[in-house]
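Q: Before we start, here is the structure in question, set down as structure tokens.
Numbering (my numbering), first residue to last: 1230 to 1421.
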């Protein structure tokens, strides 16, 4: 975003001082330049993530969360190298879905046991393949490779959502169980 602003300022100043355009026209050049930068490169607000691991109960959980955020950063870096609006959107969706899962784990570290494979195997594979695709797609762009990558991204989006729903469902089940146990205990002790 900073580079888009910088390019817009440069375009506006060049139009005004060098080309001699009026102020409204120079501002229009600046606006179009900024818009072009945003459309071409996107608005990558979070270049690096700060792991929310300070609440993690142990070092292993902290390490897994840091690794997961590092993998998401790797996927984001690959996303910026792939110049396809569809793949940009799909990779952003994968990252957002994974962040939702990680946020649930941060709030309830007990979910880590159920999401360990997602954090280690799936995110590592997604990062590796996204980086490899970013490196090779410009040189060896084939329809089969593009189709396979698209299919993988759809599967990853679905997997992120399924993992999120499983963790939410488990949290609700835990809460229902706790309510039932406490209600039974209160009835047994004659409080209610």
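Idealized CB from N, CA, C, for every residue including glycine. Owing to the predicted nature of the structure, the values given are computational and were not obtained by experimental measurement.
Assuming residue 1382 contacts residue 1301 (C-beta within less than 8 Å), just tell me the rounded distance between them.
A: Locating residue 1382 in the chain shown gives position 153, where the first residue counts as 1. Locating residue 1301 in the chain shown gives position 72, where the first residue counts as 1. That pair is no contact at about 14 Å.
Q: Check whether the Cβ atoms of residue 1236 and residue 1311 lie closer than 7 Å to each other.
A: Taking the first residue of the chain shown as position 1, residue 1236 is located at position 7. Taking the first residue of the chain shown as position 1, residue 1311 is located at position 82. Cβ distance not < 7 Å, so residue 1236 and residue 1311 don't count as in contact.
Q: With residue 1313 as the anchor, note down where its alpha helix (DSSP H) starts and where it stops.
A: The count along the chain shown starts at 1 and reaches residue 1313 at position 84. Taken as a continuous stretch (DSSP letters only), residue 1313 belongs to no alpha helix (DSSP H), as it is neither H nor E.
Q: In whole angstroms, give me the CA-to-CA distance for residue 1331 and residue 1341.
A: Position 102 of the chain shown holds residue 1331. Position 112 of the chain shown holds residue 1341. Spanning the two alpha carbons is a distance of roughly 9 Å.
Q: Please state whether DSSP places residue 1356 in a helix, a strand or coil.
A: Within the chain shown, residue 1356 is the residue found at index 127, counting from 1. It is helical.
Q: Using a Cβ-Cβ distance cut-off of 7 Å, determine whether residue 1389 contacts chain B.
A: No chain B appears in this structure, which consists of one protein chain only.
Q: Report all residues from its chain with a CB closer than 6 Å to the CB of residue 1333; omit the five preceding and five following residues, and keep chain order.
A: To locate residue 1333, count along the chain shown from 1; it is residue 104. Excluding positions up to five away in sequence, the list reads 1340 and 1396.
Q: The alpha helix (DSSP H) spanning residue 1402 covers which residue range?
A: Counting from one through the chain shown, the residue named residue 1402 turns up at place 173. Taken as a continuous stretch (DSSP letters only), the alpha helix (DSSP H) holding residue 1402 covers 1372-1417.
Q: Give a yes or no on whether the C-beta atoms belonging to residue 1258 and residue 1239 are separated by under 7 Å.
A: Position 29 of the chain shown, counted from the first residue, corresponds to residue 1258. Position 10 of the chain shown, counted from the first residue, corresponds to residue 1239. Going by C-beta atoms, residue 1258 is not nearer than 7 Å to residue 1239.
Q: On the premise that residue 1266 lies in contact with residue 1232, defined as a C-beta separation below 8 Å, what is that separation, rounded to the nearest angstrom?
A: Taking the chain shown and counting its residues from 1, the one referred to as residue 1232 is at position 3. Taking the chain shown and counting its residues from 1, the one referred to as residue 1266 is at position 37. Confirmed, Cβ separation roughly 7 Å.
Q: Give every residue of the same chain whose Cβ lies closer than 6 Å to the Cβ of residue 1359, excluding the five residues on either side of it in the sequence, and list them in chain order.
A: Numbered from 1 along the chain shown, position 130 holds the residue referred to as residue 1359. Answer for residue 1359: 1304 and 1307, listed in chain order.
Q: Quick check: what's the CA-CA separation for residue 1251 versus residue 1261?
A: If you number the chain shown from 1, residue 1251 lands on position 22. If you number the chain shown from 1, residue 1261 lands on position 32. Going from the Cα of residue 1251 to the Cα of residue 1261 covers about 16 Å.
Q: Enumerate in chain order the residues of its own chain whose CB-to-CB distance from residue 1390 is below 8 Å, with the five nearest sequence positions on each side excluded.
A: As a position in the chain shown, residue 1390 is number 161, starting the count at 1. The answer, listed in chain order, is 1326.
Q: How many angstroms separate the CA atom of residue 1357 from the CA atom of residue 1294?
A: Taking the chain shown and counting its residues from 1, one reaches residue 1357 at position 128. Taking the chain shown and counting its residues from 1, one reaches residue 1294 at position 65. Distance between the alpha carbons of residue 1357 and residue 1294: 18 Å.
Q: Report the option in 1346, 1417, 1318 and 1393 whose CA atom is closest to the CA atom of residue 1336.
A: The sequence position of residue 1336 within the chain shown is 107, counting from 1. Residue 1393 is the option with its Cα nearest to residue 1336.
Q: Taking the alpha-carbon positions, what's the residue 1418 to residue 1405 distance?
A: Mapped onto the chain shown, residue 1418 falls at position 189. Mapped onto the chain shown, residue 1405 falls at position 176. Between residue 1418 and residue 1405, the C-alpha separation is close to 20 Å.
Q: Using the Cα positions of residue 1324 and residue 1246, report the straight-line distance between them to the nearest angstrom.
A: Here residue 1324 corresponds to residue number 95 of the chain shown, with the count starting at 1. Here residue 1246 corresponds to residue number 17 of the chain shown, with the count starting at 1. Rounded to the nearest angstrom, the two C-alpha atoms are 43 Å apart.
Q: Do residue 1386 and residue 1322 have their C-beta atoms closer together than 7 Å?
A: Within the chain shown, the letter at position 157 stands for residue 1386. Within the chain shown, the letter at position 93 stands for residue 1322. The answer is yes: Cβ separation under 7 Å.
Q: Using DSSP with H/G/I as helix, E/B as strand and the rest coil, what is residue 1248?
A: If you number the chain shown from 1, residue 1248 lands on position 19. Residue 1248: coil per DSSP, three-state reduction.
Q: With distances taken from CA atoms, which of 1366, 1249 and 1343 is nearest residue 1316?
A: By 1-based counting over the chain shown, the position of residue 1316 is 87. Per the Cα distances, 1366.
Q: Count the other C-beta atoms from every protein chain shown that fall within 10 angstroms of the C-beta of residue 1354, then say buried if there are 16 or more, exposed otherwise.
A: For the purposes of this step, residue 1354 is identified with residue 125 of the chain shown, where counting begins at 1. Label assigned to residue 1354: exposed.
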